[in-house]
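Enquirer: Protein chains in written order, with this note's numbering: chain A, 100 to 236; chain B, 100 to 236.
The structure follows.
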DNA sequence: ATTAATCCTATCGATTTAGTAGGAAATACA
DNA sequence: TGTATTTCCTACTAAATCGATAGGATTAAT
């Protein structure tokens with residue numbers, strides 16, 4: 100399941116990308132427009148800023164803005180920050196690899212092979228999709 | 100994340116498929132061979148039996164056996180039973196569709212579009228993989 | 001009878017999820 | 001200078017889910 104955090108985060112990024120202005124966008128505006136609990140969104144925006152996707156400005160007329168072109172923001176990166184590893188099991192994760200407790204040899208594990216396929220097909224989608232794609236339409 | 104339940108369930112099915120005999124396979128045997136807690140596996144086998152993948156025989160020399168040929172057991176079906184919906188959001192689920200609270204119009208939702216792509220690519224893998232594929236090698 | 005197996009219900013501790021609360025710090029503007 | 005507005009930060013919490021475990025009932029073979 101996709102977490103609400105990720106879903107809200109993606110919607111917020113899309114909202115900002117669609118605006119296409121220089122002026123920072125406020126949490127309150129996004130929250131109202133996208134039906135996202137404001138306080139929850141606040142913490143999500145913080146995550147997105149700390150991971151480099153967003154810049155922020157405090158105080159009156161402050162808010163958040165994109166730090167890269169939407170076409171340069173790939174879903175692989177956004178998903179990893181918001182949702183965590185793309186792989187469904189740590190033993191096939193490219194970025195967060197971990198051995199399974201129960202597997203003596205993962206190359207003989209049937210689940211392993213299946214999950215590599217799932218990982219690769221999902222990765223293909225995320226690598227081929229940028230924020231620009233999400234916000235166009 | 101793939102749940103342990105699903106992982107163990109897949110391993111157990113693979114184990115039984117590899118045996119290729121008529122004799123039922125016992126939980127204790129699978130549990131030892133695959134390093135799965137026996138009591139936990141017990142409840143998983145029950146699920147797999149109730150959903151029709153496995154048949155069982157009680158008492159001495161009892162155990163579990165496949166009710167279909169491995170090549171007829173598709174990952175789409177196994178995954179749905181063990182892990183639940185394949186889609187990452189209910190609003191793109193083929194079998195468990197549900198509208199999102201926050202979306203006025205899902206056809207304009209950027210997350211929706213992305214998740215349809217992920218669902219389709221994952222589905223493609225699961226539809227193309229049977230238990231026979233998992234157990235060969 | 002005894003043993004060996006599945007069947008069934010209930011419970012439990014840990015973790016994760018989806019928030020909420022409350023205030024500090026910075027900024028714009030009158 | 002003061003006030004309103006915004007992000008920033010830490011901590012907390014209720015509910016759900018996960019990964020089991022416990023204990024016994026039922027069924028079948030020998």
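Glycine is no exception: its CB is placed at the ideal position from the N, C-alpha and C atoms.
Helix or strand or just coil, what does DSSP make of residue 230 of chain A?
Expert: Within the first chain, the letter at position 131 stands for residue 230 of chain A. Of the three classes helix, strand and coil, the one that applies to residue 230 of chain A here is helix, per DSSP.
Enquirer: Give the DSSP-derived three-state secondary structure of residue 196 of chain A in the structure shown.
Expert: The sequence position of residue 196 of chain A within the first chain is 97, counting from 1. Note: residue 196 of chain A maps to coil in three-state DSSP.
Enquirer: Return the residue from the list A:135, A:212 and A:112 that minimises the CA-CA distance to residue 190 of chain A.
Expert: Counted from its first residue, the first chain places residue 190 of chain A at position 91. Nearest C-alpha to residue 190 of chain A: A:212.
Enquirer: Between the alpha carbons of residue 160 of chain B and residue 123 of chain B, how many angstroms are there, rounded?
Expert: Counting from 1 along the second chain, the entry for residue 160 of chain B is found at position 61. Counting from 1 along the second chain, the entry for residue 123 of chain B is found at position 24. About 7 Å.
Enquirer: Mind pulling the chain B residues with CB within less than 7 Å of residue 149 of chain A?
Expert: The sequence position of residue 149 of chain A within the first chain is 50, counting from 1. Result: empty, since nearest Cβ-Cβ is about 22 Å, beyond 7 Å.
Enquirer: At the level of alpha carbons, what is the spacing between residue 283 of chain A and residue 184 of chain A?
Expert: Because residue 283 of chain A is not part of the residues shown, which for chain A are 100 to 236, the question remains open.
Enquirer: Can you give me the start and stop residues for the alpha helix (DSSP H) that residue 156 of chain A sits inside?
Expert: For this step, residue 156 of chain A is matched to residue 57 along the first chain. Residue 156 of chain A -> not in any alpha helix (DSSP H); beta strand (DSSP E) instead, spanning 153 to 156.
Enquirer: Please look up how many angstroms separate the CB atoms of residue 133 of chain A and residue 114 of chain A, rounded, as I've assumed it's under 8 Å.
Expert: Sequence index remark: in the first chain, residue 133 of chain A carries index 34 (1-based). Sequence index remark: in the first chain, residue 114 of chain A carries index 15 (1-based). About 6 Å separates the two Cβ atoms, so the contact holds.
Enquirer: On the DSSP letters alone, give me the boundaries of the alpha helix (DSSP H) that residue 147 of chain B sits inside.
Expert: Walking along the second chain from the start, residue 147 of chain B turns up at place 48. Segment 137 to 149, the alpha helix (DSSP H) holding residue 147 of chain B.
Enquirer: For residue 224 of chain A, does the three-state DSSP call read helix, strand or coil?
Expert: Residue mapping note: residue 224 of chain A aligns to position 125 of the first chain, counting from 1. Helix, per DSSP.
Enquirer: Residue 101 of chain A by DSSP, collapsed to three states: which one?
Expert: Stepping through the first chain from its first residue, residue 101 of chain A is reached at position 2. Of the three classes helix, strand and coil, the one that applies to residue 101 of chain A here is coil, per DSSP.
Enquirer: Would you call the stretch 218 to 227 of chain A and the stretch 144 to 156 of chain B in contact, with 3 or more CB pairs under 8 Å?
Expert: Because the criterion of three Cβ pairs below 8 Å is not met, the stretch 218 to 227 of chain A and the stretch 144 to 156 of chain B do not touch.
Enquirer: Could you work out which residue in A:173, A:182, A:192 and A:188 is closest to residue 232 of chain A when comparing CA atoms only?
Expert: Numbered from its first residue, the first chain carries residue 232 of chain A at position 133. Comparing Cα-Cα distances from residue 232 of chain A to each of A:173, A:182, A:192 and A:188, the minimum goes to A:173.
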